[in-house]
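For any residue, its number in this note's numbering is found by taking its place in the sequence shown, counting from 1, and adding 1136.
Every residue, glycine too, gets a C-beta built ideally from N, C-alpha and C.
From a predicted model like this one, the values you see are computed outputs, not experimental measurements.
In what follows, a structure is listed as structure tokens, so that the remarks can point back to it.
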Amino acid sequence: MSPDRLLLWDLDETLVTTGGAGERSFERAAEEVFGVSISMDDIDYSGRTDSAIGSLVQQVCGLPENDESIDRYLASFLHFLPIELPLNKPRVLPGVERLTSMVLESNSHAQGLLTGNLAAGAKIKLKYFGLWERFLFGAFSDDSSQREELGPVAMKRATTAYNKTFTAENTVVIGDTLRDVSCAHAFGARCLAVASGSHSVEQLRSAGADCVVDSLEDGVAVDFIGIDC
1137 MSPDRLLLWD LDETLVTTGG AGERSFERAA EEVFGVSISM DDIDYSGRTD SAIGSLVQQV
1197 CGLPENDESI DRYLASFLHF LPIELPLNKP RVLPGVERLT SMVLESNSHA QGLLTGNLAA
1257 GAKIKLKYFG LWERFLFGAF SDDSSQREEL GPVAMKRATT AYNKTFTAEN TVVIGDTLRD
1317 VSCAHAFGAR CLAVASGSHS VEQLRSAGAD CVVDSLEDGV AVDFIGIDC
């Protein structure tokens, strides 16, 4: 039996936490490319794509927006990312290993990535944790700087990867930010929100998430997705 239900995973603070490696890499890249010292604590980047973050950082540095310099900035970010990744107790978040394994063993579900990471950055992170091979496809910041535009891209790639058309009604986006919720609803999918990042259960519920859990270890998450244990 081929899968007819689709899970689309956010990456940072949903699948894994990198111990601030991404933030430090963005800061080091700003110093290298723009010659400006910044703190990511001063930037509202939660749930934004890497491309959008690059644009924001350029603004914070007081520079006119320039696609070529953003490209150089993101290339520098990707250079620093594998250097920073091992430094501050990065880890796979609770419930992720079990839940992604259950999907792999399931006949009814397929899974891929829907993340604001650049594809190369997603691969660096997930290969480090041994999770990259669990996802046959993804939609990334390379595809659009606007997260709300990534859902249809992911759906098309799911069709290619599994040789099957999935419907938005049978698709669940799993993420930890308010932008994950709006991204899911932008293309008619449901959202399983996990309060493992910067937003609380109450904030995620108020944003309209269809199901909210404190952790993916919560049995409610498995029930909502509909995977048989």
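For the 8 Å CB-CB criterion, D1146 and I1310 form a contact. Taking 8 Å as the upper bound for CB-CB distance, V1317 and A1329 are in contact here, some 6 Å apart. The residues T1295, in chain order, have a CB closer than 6 Å to that of T1301 in the same chain once the five nearest residues on each side in sequence are set aside. Within the same chain, G1252, S1277, S1281 and R1283 come within 6 Å of T1185 by CB-CB distance, once the 5 residues on both sides are set aside.
In the displayed model, D1148 falls within a strand according to three-state DSSP. Under the 8 Å Cβ criterion, the region 1348-1361 does not count as touching the region 1218-1226, having fewer than three qualifying pairs. From the listed residues R1160, G1287 and V1232, the smallest Cα separation to V1193 is found for R1160. Take F1323, set aside five residues on each side of it, and the residues of its chain with a beta-carbon closer than 6 Å to its own are G1287, P1288 and A1304, in chain order. Residue nearest to T1154 within the set A1345, V1239 and V1228 is V1228 (criterion: CA-CA distance). For C1197, there is no enclosing beta strand (DSSP E), as DSSP marks it with neither H nor E.
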